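See below for the structure under consideration.
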Amino acid sequence: MRFNKIFLSLFLLLSWASVSAQELKFPRPRGYVNDFANIISDTQELQLQSLLLSLEKLTTAQVAVVTMPSIAPYDIEYYAVKLFETWGIGQKGKDNGVLLLVAVKERRVRIEVGYGLEGALPDAICKQIIEKYIIPYFKQGNYGKGISAGVSQIVKYIAREYNIDPSQISGYKVYSPQPQRGNSLIGFIIYLILLFIFIRIFGIFGIFLLPTGRGGYWGGGGGGFGGFGGFGGGMSGGGGASGGW
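When we follow our numbering, the leftmost residue of the sequence shown carries the number 838, and every step to the right adds one.
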């Protein structure tokens, strides 16, 4: 884990050196949900705003959702860190903020986690949220549902960190993890090819030599809102995960 963060820090330094020296300028936050790419319906946005307001009232943690048409020429990790720092997501001193950033043109998504929530949302959990709850819907073109499902998972883990049952948070919904259909199909095809080669070499009885158990292809498995009072000056810890679709 420490190696990954060191690698990310070096990667960000190289990224900063490779992009223009021009200072990044970000729009002012409208609320917890900032749909600058216009990919979330009004109903979904209102539901998310209400959910995240309820979360902050119960835990003081702040989650920001930001969609951008494009973040070129920057990579999503660099952009997320700078946006997080500029807006100050989370409470000062607690650093309990999370940013869910979507770059539509680049087809990239990032969950950026503040220092104070790295225990609740480690990198592996963030990656799981992206791959199982967000990207499957994005691949269908259903951005609003993917974001809603991802936020629901983020809220769940934050609530647990504060010893709160997620069901106590107004507007919280449970979403089921979605299969990565494209990857599963490719994996199944590869499995069949390898199985055919194996049988050709060892014969039909060679099947009984194949290992069984977990890990095979058959297994299952980031205008203003009335209640928003602004972000509290939190800092990013550099943790989180990114993904693409």
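Where is the CB? At the ideal position from N, CA and C, for every residue including glycine. These figures come from a predicted structure and were not determined experimentally.
Residue nearest to GLU860 within the set LYS1010, LEU892 and TYR911 is TYR911 (criterion: CA-CA distance).
Around the beta-carbon of GLY983, 16 or more other beta-carbon atoms lie within 10 Å, marking it buried. Cβ-Cβ separation between PRO1014 and TYR970: approximately 6 Å, consistent with a contact (criterion under 8 Å).
A contact between stretches requires three or more CB pairs, one per stretch, nearer than 8 Å, and the stretch 984-998 meets this requirement with the stretch 880-895.
Per DSSP, the unbroken beta strand (DSSP E) holding GLN899 starts and ends at 899-905. Note on THR904: 16 or more other CB atoms within 10 angstroms of its CB, so buried under the neighbour-count rule. Under the 10 Å beta carbon count, TYR994 is surrounded by 16 or more other beta carbons and is classified as buried. Contact between GLY956 and GLU998 is confirmed by a C-beta separation of about 7 Å, below the 8 Å threshold. Per DSSP, LEU890 has no beta-bridge partner at all. Rounded to whole angstroms, GLY1067 and LEU954 show a C-alpha spacing of 19 Å. Residue TYR1009 holds the alpha-carbon nearest to the alpha-carbon of ILE991 among GLY868, TYR1009, ILE1030 and GLN977. In this structure ALA874 is not in contact with ASP960, their Cβ atoms being roughly 25 Å apart against a cut-off of 8 Å. The residues ALA996, TYR999, ILE1001, GLN1005 and ILE1006, in chain order, have a CB closer than 8 Å to that of LEU895 in the same chain once the five nearest residues on each side in sequence are set aside. Nearest to TYR915 by C-alpha distance, out of GLU949, LYS976 and CYS963, is GLU949.
A Cβ-Cβ distance of about 7 Å is found for the pair ALA901 and ASN871, placing them in contact under the 8 Å criterion.
In the three-state reduction of the DSSP assignment, LEU938 falls in the strand class, which pools E and B. DSSP, read as helix, strand or coil, puts ILE948 in strand.
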